[in-house]
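A.B. asks: Sharing a structure below in structure tokens format, with a few things to ask.
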Amino acid sequence: MPARISPATRLQGTIRLPGDKSISHRYAMLAAIAEGTSHIRNYSTGADCASTLGALESLGIRIEREGTSVSVAGRGLDGLRESSTTLDAGNSGSTIRMLSGILAAQPFASRIAGDESLSRRPMERIMRPLEAMGASITAREGRFPPLEIHPAELRSIDYTLPVASAQVKTCVLLAGLYARGVTTVREPLRTRDHTEIALREFGAAIDVRGRVISVQGRPRLEARDLEVPGDLSSAAFFLVAASLVPDSVLRIEGVGLNPTRSALLDFLVSIGADLDIRDLRMQAGEPVGDLEVRHARIRGGVIEKELAAALIDEIPVLAVLGAASEEGLVVRDAAELRVKETDRIATVAENLGRMGVSVEVFPDGLRVPGRQRFHGAEFDSFGDHRIAMAFAVAALAASGESTILAPEAASVSFPDFYRILAEIAQ
Ligand code: S3P
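Here my numbering runs 1094 ahead of the position in the sequence shown, where the first position is 1.
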């Protein structure tokens, strides 16, 4: 059912966010192949992370859920069992790409598929390194899900990633756990390092030297009790909303502030956001803190090169902020946006257009001129969670009421998004 969003006069309150999506996937997968039962608190409530749990259950792992806590009864590196059904990754690129690293090393076959959006996303980026390790994988048209993963024994590899992708890095490192010897991944740009941190927490021998990451094969992983920090990529919607709407003051508690993710905060501050970090602490190797954000005059800026990779998930909502800024926002070197849950360059431009905001589209980005007004409009999530939430934020700053078609897409990462928004909006 479409959702209606009214303009807000201010945002105020203290909120906590669901567990980080990236970290939740990694903790669940590592817990499944560790020895003993891991307890994970504040596990992401999003459908994507539920897809990971569902797939692990199909592989013979017992999982108990209580609220946002999950217990995963790990069966060790060699404890997974052949699934009697196709594994369902749903909308989740992380599930299919990262889990395939584990599946490729099993003595049994697996088939893994996803929804219509996932079925259009490129998989050759994981197939190439896995095949070089000895895996045998068949894909639709050679590159799209479903993937048929045949039994294989893997050898270690020294692999240079052609695209900066934490999902691909993770896939190769997880496969490397099953190979004898040391598997090394070289990144063109530093990407989120939650896998490296989580592997260390679960007891793997992992070595990180700049952009070169090596893992020793055949470790004994041990169950852990862990709490997932709040998702900074979900916080991004509220940070932008509070920056946009006059008189807003918002506190977001317990947010993951890993430096490979927090470029968002530095960028927001560099363009004029009024933002403070309080009570910075460490949680299982991950920095966590509370954020305070107030309405501010935003100058606008440029996102390109390494910054484009570091902010890739936040660009839709930053494009919204750019339209209301003084000088606008330019995004370049972000062609990866075209192969996300939707072509996010196209879907952002389409919805901005529907709100009366002019935008110029490039093959690898877009330019949103500043000092523009949002008109209340009917826009579409196009089934993409980050597009739904980015434009819900735009609707708060619009001149009239807006309607979002297919708003439920938000539940892929953040089922409570609209409820929390309604609580803080006045
Ligand atoms: C993720 C990595 C990024 C990001 C995605 C989550 C991860 O994708 O866009 O939302 O958890 O490793 P890529 O690896 O495709 O860049």
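Yeah, the Cβ is synthetic: ideal placement off N, Cα and C, and Gly gets one too.
1) For D1260, verify whether its CB is less than 6 Å away from any heavy atom of the ligand S3P.
2) Between which two residues does the beta strand (DSSP E) holding A1489 run?
3) Is the Cβ-Cβ distance between V1349 and A1329 less than 7 Å?
4) In three-state DSSP terms, what is H1288?
5) Report all residues from its chain with a CB closer than 8 Å to the CB of V1433; omit the five preceding and five following residues, and keep chain order.
6) Of the residues D1172, I1134, R1191 and L1181, which one's Cα is nearest the Cα of V1166?
7) Quick check on DSSP: helix, strand or coil for F1331?
8) Rounded to the nearest angstrom, what separates P1201 and G1270 at their Cα positions?
9) Keeping to the same chain, check which residues put their C-beta closer than 6 Å to that of L1197; ignore five residues upstream and five downstream.
10) Which one of A1503, L1267 and P1256 has the shortest CA to CA distance from P1313?
11) Tell me the DSSP secondary structure of Q1377 in three-state form.
12) Report the start-end ranges of each alpha helix (DSSP H) in the segment 1113 to 1150 that is 4 residues or longer and not cut off at the edges.
13) First and last residue of the beta strand (DSSP E) that includes F1456?
14) Any idea what DSSP makes of V1451, helix, strand or coil?
15) Any heavy atom of the ligand S3P inside 6 Å of the beta-carbon of D1407?
16) Would you give the residue range spanned by the beta strand (DSSP E) that D1360 belongs to?
17) Going by beta-carbon coordinates alone, are A1246 and A1229 separated by less than 7 Å?
18) Drop a sphere of 10 angstroms on the beta-carbon of V1339, count the other beta-carbons inside from all chains shown, and report buried for 16 or more, exposed for fewer.
19) I'd like to check one pair, R1286 with S1507: are the Cβ atoms closer than 7 Å?
20) Could you tell me the distance, in whole angstroms, from the CA atom of F1296 to the CA atom of L1315?
21) Would you say S1188 touches the ligand S3P, meaning its beta carbon is less than 6 Å from a heavy atom?
22) What first and last residue would you give for the alpha helix (DSSP H) that runs through T1189?
23) Since I1109 and A1489 should fall inside the 8 Å C-beta cutoff, what is the C-beta to C-beta distance between them, to a whole number of angstroms?
24) Check whether the Cβ of S1116 lies closer than 6 Å to any heavy atom of the ligand S3P, and answer yes or no.
25) Got a sec, what are the start and stop residues for the beta strand (DSSP E) G1348 sits in?
26) Are there 16 or more other CB atoms within 10 angstroms of the CB of T1289, so buried, or fewer, so exposed?
C.D. replies: Taking the structure as given:
1) Per the sequence shown, the amino acid found at residue 1260 is Ala instead of Asp. Result yes, Cβ under 6 Å from the ligand S3P.
2) Looking at the DSSP string, A1489 is not in any beta strand (DSSP E); the run it does join, the alpha helix (DSSP H), is H1479 to L1490.
3) Against a cut-off of 7 Å, the Cβ pair of A1329 and V1349 comes out as a contact.
4) Residue state, collapsed to three classes: helix.
5) Non-local C-beta neighbours of V1433 in its own chain, meaning closer than 8 Å and more than five positions away in sequence, comprise R1215 and P1216, ordered along the chain.
6) Closest in alpha carbon position to V1166, among D1172, I1134, R1191 and L1181, is I1134.
7) DSSP places F1331 in helix when its eight states are reduced to three.
8) Each residue's alpha carbon lies about 15 Å from the other.
9) Cβ neighbours of L1197 within its own chain (closer than 6 Å, five residues either side excluded): S1204 and I1243.
10) For the residues A1503, L1267 and P1256, the minimum Cα distance to P1313 belongs to L1267.
11) Secondary structure of Q1377 (DSSP, three-state): strand.
12) Taking 4 residues as the minimum length, the alpha helix (DSSP H) runs contained wholly in the segment 1113 to 1150 are 1115 to 1126, in order along the chain.
13) Annotation for F1456: the continuous beta strand (DSSP E) segment containing it runs E1454 to F1456.
14) Of the three classes helix, strand and coil, the one that applies to V1451 here is coil, per DSSP.
15) Relative to the non-hydrogen atoms of the ligand S3P, the Cβ of D1407 comes within a distance shorter than 6 Å of at least one.
16) No beta strand (DSSP E) contains D1360, which is instead part of the alpha helix (DSSP H) from A1357 to S1364.
17) Their beta carbons are under 7 Å apart, which means A1246 touches A1229 by this criterion.
18) Note on V1339: 16 or more other CB atoms within 10 angstroms of its CB, so buried under the neighbour-count rule.
19) Inclusion of S1507 and R1286 in the CB contact set at 7 Å is not warranted, their separation being larger than that value.
20) Using only the alpha carbons, I get a separation of about 5 Å.
21) Correct: S1188 has its Cβ closer than 6 Å to the ligand S3P.
22) Element bounds for T1189: G1187 to L1197.
23) A Cβ-Cβ separation of about 18 Å leaves I1109 out of contact with A1489 under the 8 Å criterion.
24) Yes.
25) Per DSSP, G1348 belongs to the beta strand (DSSP E) from V1343 to G1350.
26) It counts as buried.
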